[in-house]
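A.B. asks: In the working numbering, the protein residues as written are 24 to 341.
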Amino acid sequence: MSVWLLTDAAMDLHVSPGHPERSDRRQAAAAGVRDAAGERLVEPGVESVDRRTLEATHDPAYLTLLEEVGARGGGWLDADTYLSPGSLHAARLAAGATLQAALAAATGAADVAFAVVRPPGHHASRGGGSGFCLVNNVAIAVAGLRSRGVAERIAIIDWDVHHGDGTQAIFDADAALCYASTHQSPLYPGTGAVAEVGTGNATGTMHNRPLPPGSGDEAFVSAWRDELLPAIEAFAPEMILVSAGYDAHVDDPLASLEVTEHGYEGVAQLIGSLSARLEIGGVALTLEGGYDLDALRASCGATVRGILDGRGGSRVRR
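Right, dumping it as structure tokens:
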């Protein structure tokens, strides 16, 4: 069994002065993956995606805006989302790392493939960025899997404390995509109600479970074990991608869901077991939120251990 870590120091060219989405997040998360992987760690180089790849998910006019703002020296896309001169390059690397992780897991090259990236992606829609996100990394990975004929029927698991409104909007009418999310409510961006279930032929493919502040590990794990993962299993995906945000952690400064690394490990173990039952080659993850460095390191490590354990390979040689 192998654990792939996909990250690149050039992602830190995305510079947001005084912003909680900062470069040491990437370093802490990567350290957590390395801690858990031990001798099974593989760190391949990350390949940037080109504009054509981005255009499979995002409107050309929006991509042109990102290029123009970056060329002018940067600026704010909204009250939360900053673009520096190096941000678009970082975003292309983040999307590329997520796609590489998805391909490695889908083909069985990796049991766990973790794209430790920044900027994050799940708030980015086809036509714009928001919530610290510039391009939607997990959606770009879905497009890449499909265009290569690797997988068509795909599930996205999103446990970030904020609902992935961009991801849901992109796939709301896609009957071959199952999206499942736990998130704190009320909280930004204010979407992700239980009644949001997809549209048209895709009705029933979106599964949202908002949780109140202070829910903790028990409610978090039970939502996945008893409701969301059974829905994914019934959908029978060929591939599972995880939007892995860690801002639901009890120590995170941006929210108050009060999950611990043990909760993340418990859900990760369930996901690993599900992937094995579905005979999926591996599980791919891409980093979303998480702003306490110690919690981020501990939670990323717990996630890797949980998936390996669920897939039957928890005994990692060190």
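Cβ atoms here follow ideal geometry from the backbone N, Cα and C, with glycine treated the same way.
Beta-carbon separation of residue 280 and residue 234 under 8 Å?
C.D. replies: Result yes, Cβ atoms of residue 280 and residue 234 sit closer than 8 Å.
A.B. asks: What residues in its chain sit with their C-beta under 6 Å from that of residue 29, if we drop five residues either side in the sequence?
C.D. replies: 69, 120, 123, 124 and 138, listed in sequence order.
A.B. asks: DSSP on residue 40, reduced to helix/strand/coil?
C.D. replies: Coil, per DSSP.
A.B. asks: With H, G and I counted as helix, E and B as strand and the rest as coil, what does DSSP make of residue 161?
C.D. replies: It is helical.
A.B. asks: If you follow the beta strand (DSSP E) that residue 301 is part of, which residue opens it and which one closes it?
C.D. replies: Where residue 301 is concerned, there is no enclosing beta strand (DSSP E), given that its DSSP letter is neither H nor E.
A.B. asks: For residue 98, which beta-bridge partners are listed by DSSP?
C.D. replies: BP columns for residue 98 point to 106.
A.B. asks: For residue 87, count the other beta carbons within 10 Å of its own beta carbon; 16 or more makes it buried, fewer makes it exposed. Which is it?
C.D. replies: Exposed, by the Cβ-count rule.
A.B. asks: In whole angstroms, what is the alpha-carbon distance linking residue 224 and residue 61?
C.D. replies: Those two C-alpha atoms are separated by around 44 Å.
A.B. asks: By the three-class DSSP mapping on this structure, what secondary structure does residue 262 have?
C.D. replies: In the structure shown, residue 262 sits in a strand (DSSP, three-state: E or B).
A.B. asks: Using C-beta distances below 6 Å, list every residue in its chain close to residue 35, excluding the 5 sequence neighbours before and after it, in chain order.
C.D. replies: Excluding residues within five positions, the ones whose Cβ falls inside 6 Å are 46.
A.B. asks: Within 10 Å of its beta-carbon, does residue 217 have 16 or more other beta-carbons around it, so buried, or fewer, so exposed?
C.D. replies: Exposed, because fewer than 16 other Cβ atoms sit within 10 Å of the Cβ of residue 217.
A.B. asks: Is the Cβ-Cβ distance between residue 293 and residue 248 less than 8 Å?
C.D. replies: In contact: residue 293 and residue 248 (Cβ atoms closer than 8 Å).
A.B. asks: Can the beta-carbon of residue 196 be found closer than 8 Å to that of residue 230?
C.D. replies: Not in contact: residue 196 and residue 230 (Cβ atoms no closer than 8 Å).
A.B. asks: Less than 8 Å between the CB atoms is what I'm expecting for residue 161 and residue 144, so what's the real figure, rounded?
C.D. replies: That belief holds up - the Cβ atoms of residue 161 and residue 144 are roughly 6 Å apart, short of 8 Å.
A.B. asks: Helix, strand or coil, according to DSSP, for residue 290 in the structure here?
C.D. replies: Residue 290: helix per DSSP, three-state reduction.
A.B. asks: So, residue 187 versus residue 243, is the Cβ gap smaller than 8 Å?
C.D. replies: No. Outside cutoff.
A.B. asks: Just to confirm my understanding: we take residue 252, look at its own chain, exclude 5 residues before and 5 after, and list those with CB closer than 6 Å. What are they?
C.D. replies: These residues qualify, in order along the chain: 293 and 297.
A.B. asks: What would DSSP say about residue 202, mapped onto helix, strand or coil?
C.D. replies: Strand, per DSSP.
A.B. asks: Contact check, residue 103 vs residue 155 under 8 Å by CB: the rounded distance?
C.D. replies: The Cβ separation is near 6 Å, so the contact holds.
A.B. asks: Between residue 273 and the rest of its own chain, which residues show a CB-CB distance below 6 Å, the 5 nearest in sequence each way excluded?
C.D. replies: So the qualifying residues of the chain are 281 and 283.
A.B. asks: Taking its Cβ as the centre, do 16 or more other Cβ atoms sit within 10 Å of residue 141, making it buried, or is it exposed?
C.D. replies: Buried.
A.B. asks: Helix, strand or coil for residue 56 per DSSP?
C.D. replies: In the structure shown, residue 56 sits in a helix (DSSP, three-state: H, G or I).
A.B. asks: Drop a sphere of 10 angstroms on the beta-carbon of residue 168, count the other beta-carbons inside from all chains shown, and report buried for 16 or more, exposed for fewer.
C.D. replies: Buried, by the Cβ-count rule.
A.B. asks: Quick check: residue 116 and residue 246, are their CB atoms within less than 8 Å of each other?
C.D. replies: Taking 8 Å as the Cβ cut-off, residue 116 and residue 246 do not qualify as a contacting pair.
A.B. asks: Quick check: residue 271 and residue 278, are their CB atoms within less than 8 Å of each other?
C.D. replies: A contact, by the Cβ cut-off of 8 Å.
A.B. asks: To the nearest angstrom, report how far apart residue 256 and residue 152 are at their CA atoms.
C.D. replies: About 31 Å.
A.B. asks: Straight-line CA distance for residue 148 to residue 109?
C.D. replies: Those two C-alpha atoms are separated by around 21 Å.
A.B. asks: What is the DSSP secondary structure of residue 151, reduced to helix, strand or coil?
C.D. replies: Residue 151: strand per DSSP, three-state reduction.
A.B. asks: Taking 8 Å as the threshold (C-beta atoms), are residue 319 and residue 55 in contact?
C.D. replies: A contact, by the Cβ cut-off of 8 Å.
A.B. asks: Could you tell me whether the Cβ atoms of residue 158 and residue 118 are closer together than 8 Å?
C.D. replies: It is a contact, given that the beta carbons lie within the stated cut-off.
A.B. asks: State the CB to CB distance for the pair residue 226 and residue 201, rounded to an integer number of angstroms; the pair is presumed to be in contact (CB under 8 Å).
C.D. replies: The Cβ separation is near 12 Å, so there is no contact.
A.B. asks: If the criterion is Cβ atoms closer than 8 Å, does the pair residue 334 and residue 288 meet it?
C.D. replies: Not a contact, by the Cβ cut-off of 8 Å.
A.B. asks: Using the three-state DSSP reduction, which class does residue 185 fall into: helix, strand or coil?
C.D. replies: Here residue 185 sits in coil by DSSP.
A.B. asks: Taking only runs that begin and end inside the region 217-258, name each unbroken beta strand (DSSP E) of 3 or more residues, in chain order.
C.D. replies: Counting whole runs of 3 or more residues, the region 217-258 contains the beta strand (DSSP E) stretches 229-234.
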